[in-house]
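*Asks:*
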Ligand SMILES: [Fe+2]
């Protein structure tokens, strides 16, 4: 069995996992250990990986079954379960705090990113612990959030294909606080631009409420910032975090990340 070394990268979240080559099949006990490590640390970093698309898909499946992504025009032609994040094909860096694909009944347990081409400076990815954010709220506000749900569709990206809109555009209701299925802790859960509204609020009030929550909750103490190196694999637990990209890099340079999302449970508050 592989001997894993797990080293925290930040006091609140994030850990580097050493002693593992993701291009090789993983032992069942290692898979379980990685699943538990993700639930505990919420962001896992594997350095110096060298993966083909097929090897990457096999490694990602440790965290759940890879699922389809709704910006299908950016999917890798021969491996459509891998999305290509690359500004040179017209994408904008996702700089707003969010969690991925909340418009699914069973949204991703994890988002997995593999650094294929990395600019010389900037272009990092930040991850915030929404578990820590929840715990830091006053009790009365936690109770209020516990009772709210959000309704999630596709955000209004003009380049969404009609077939993706057809498949993935039906609104889905999720609790704004969810219990982690592995860890058992609670975390704040919503997507400001995929949520059409919060239960009992107009869309304008909902947007202002979510914006104010993000500004108040996401402080440096609960954020791990990942500075990319080529060959990094970053696994983000979407059940208890929000993340954002940083567009602070030279756009004449290339930044290519391969993204896989893996299916999780239907969010629920227990
Ligand atoms: Fe994202």
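Residue numbers (our numbering): 2 to 271.
Beta carbons are placed, not taken as given, at the ideal position from N, Cα and C, and that holds for glycine.
Treat the numbers as computed from the prediction; the structure is a model and nothing was measured.
If we require 4 or more residues per run, which alpha helix (DSSP H) segments fall completely within the stretch 135-178?
*Replies:* 140-147 and 163-169
*Asks:* Going by CA-CA distance only, name the one from 270, 262 and 269 that's closest to residue 66.
*Replies:* For this step, residue 66 is matched to residue 65 along the chain shown. The shortest Cα separation from residue 66 among 270, 262 and 269 belongs to 262.
*Asks:* Count the other C-beta atoms from every protein chain shown that fall within 10 angstroms of the C-beta of residue 105, then say buried if there are 16 or more, exposed otherwise.
*Replies:* Within the chain shown, residue 105 is the residue found at index 104, counting from 1. Label assigned to residue 105: buried.
*Asks:* State yes or no: is the C-beta of residue 228 within less than 8 Å of the C-beta of residue 125?
*Replies:* What you label residue 228 is simply residue 227 of the chain shown in a count that begins at 1. What you label residue 125 is simply residue 124 of the chain shown in a count that begins at 1. Closer than 8 Å, so yes.
*Asks:* For the stretch 229-245 against the stretch 69-83, do three or more pairs of beta-carbon atoms, one drawn from each stretch, fall closer than 8 Å, so that the two count as touching?
*Replies:* No: fewer than three Cβ pairs fall under 8 Å.
*Asks:* Please name the residue or residues paired with residue 67 in a DSSP beta bridge.
*Replies:* Translated into positions along the chain shown, residue 67 becomes position 66. 263.
*Asks:* Buried or exposed for residue 49, going by 16 or more other Cβ atoms inside 10 Å?
*Replies:* For the purposes of this step, residue 49 is identified with residue 48 of the chain shown, where counting begins at 1. If you draw a 10 Å sphere on the C-beta of residue 49, you find fewer than 16 other C-beta atoms in it, and that means exposed.
*Asks:* Whole angstroms are fine: how far does the CA of residue 23 sit from the CA of residue 122?
*Replies:* Mapped onto the chain shown, residue 122 falls at position 121. Mapped onto the chain shown, residue 23 falls at position 22. One C-alpha to the other measures close to 26 Å.
*Asks:* Nearest to residue 222 by CA position, among 8, 7, 5 and 15, is which residue?
*Replies:* Your numbering for residue 222 matches position 221 in the chain shown. Checking every option, the nearest Cα to that of residue 222 belongs to 15.
*Asks:* Ignoring anything shorter than 3 residues, give me the beta strand (DSSP E) runs that lie fully in the stretch 174-229, in order along the chain.
*Replies:* 178-180, 187-189, 196-199 and 224-227
*Asks:* Got a sec: does ligand 1 put a non-hydrogen atom nearer than 7 Å to the Cβ of residue 99?
*Replies:* Looking up residue 99 in the chain shown gives position 98. Within the cutoff, so yes.
*Asks:* Measuring only from the beta carbon, is residue 203 closer than 7 Å to any heavy atom that is part of ligand 1?
*Replies:* Indexing the chain shown from 1 puts residue 203 at position 202. Residue 203 Cβ: outside cutoff for every heavy atom of ligand 1.
*Asks:* Could you check where the alpha helix (DSSP H) with residue 54 kicks off and where it finishes?
*Replies:* The residue given as residue 54 occupies position 53 in the chain shown. Its alpha helix (DSSP H) spans residues 54-61.
*Asks:* Could you tell me which uninterrupted beta strand (DSSP E) segments, each at least 3 residues in length, are contained entirely in the stretch 109-135, listed from first to last along the chain?
*Replies:* 109-118 and 126-130
*Asks:* Should residue 95 be listed as close to ligand 1, given that the test is whether its C-beta is under 7 Å from any heavy atom?
*Replies:* Translated into positions along the chain shown, residue 95 becomes position 94. Yes, since a heavy atom of ligand 1 falls inside the 7 Å radius drawn around the Cβ of residue 95.
*Asks:* Identify which residue in 226, 145, 198 and 30 has its Cα closest to the Cα of residue 103.
*Replies:* Taking the chain shown and counting its residues from 1, the one referred to as residue 103 is at position 102. The residue with the shortest Cα to Cα distance from residue 103 is 198.
*Asks:* Residue 158 to residue 4, Cα distance in whole Å?
*Replies:* Indexing the chain shown from 1 puts residue 158 at position 157. Indexing the chain shown from 1 puts residue 4 at position 3. Going from the Cα of residue 158 to the Cα of residue 4 covers about 44 Å.
*Asks:* Given a threshold of 16 other Cβ atoms within 10 Å of its Cβ, counted over all protein chains shown, does residue 163 qualify as buried or as exposed?
*Replies:* Numbered from 1 along the chain shown, position 162 holds the residue referred to as residue 163. Exposed, by the Cβ-count rule.
*Asks:* Distance check for residue 118 and residue 71, CA to CA, integer angstroms please.
*Replies:* Residue numbering aside, residue 71 sits at position 70 when the chain shown is read from its first letter. Residue numbering aside, residue 118 sits at position 117 when the chain shown is read from its first letter. Each residue's alpha carbon lies about 23 Å from the other.
*Asks:* Assuming residue 36 is part of the alpha helix (DSSP H), what are its boundary residues?
*Replies:* Your numbering for residue 36 matches position 35 in the chain shown. First-last of the alpha helix (DSSP H) with residue 36: 29-42.
*Asks:* Examine the Cβ distances between the stretch 249-264 and the stretch 164-171 and report whether three or more of them are shorter than 8 Å.
*Replies:* no
*Asks:* Cβ of residue 112 versus every heavy atom of ligand 1: is any distance shorter than 7 Å?
*Replies:* Working through the chain shown from its first residue, we reach residue 112 at position 111. Yes, the Cβ of residue 112 comes within 7 Å of a heavy atom of ligand 1.
*Asks:* Pick helix, strand or coil for residue 74, following the three-state DSSP scheme.
*Replies:* Working through the chain shown from its first residue, we reach residue 74 at position 73. Three-state DSSP puts residue 74 in a helix.
*Asks:* Are the CB atoms of residue 208 and residue 219 nearer to each other than 8 Å?
*Replies:* Locating residue 208 in the chain shown gives position 207, counting from the first residue. Locating residue 219 in the chain shown gives position 218, counting from the first residue. Not a contact, by the Cβ cut-off of 8 Å.
*Asks:* Between the alpha carbons of residue 13 and residue 69, how many angstroms are there, rounded?
*Replies:* For this step, residue 13 is matched to residue 12 along the chain shown. For this step, residue 69 is matched to residue 68 along the chain shown. If I take the Cα positions, the gap works out to 31 Å.
*Asks:* Over the uninterrupted beta strand (DSSP E) stretch that includes residue 238, give me the two end residues.
*Replies:* Here residue 238 corresponds to residue number 237 of the chain shown, with the count starting at 1. Start and end: 234-238.
*Asks:* Take residue 238 and list the residues in its own chain whose beta-carbon comes closer than 6 Å to its own, dropping the five residues that flank it on each side.
*Replies:* Numbered from 1 along the chain shown, position 237 holds the residue referred to as residue 238. The residues are 39, 43 and 111.
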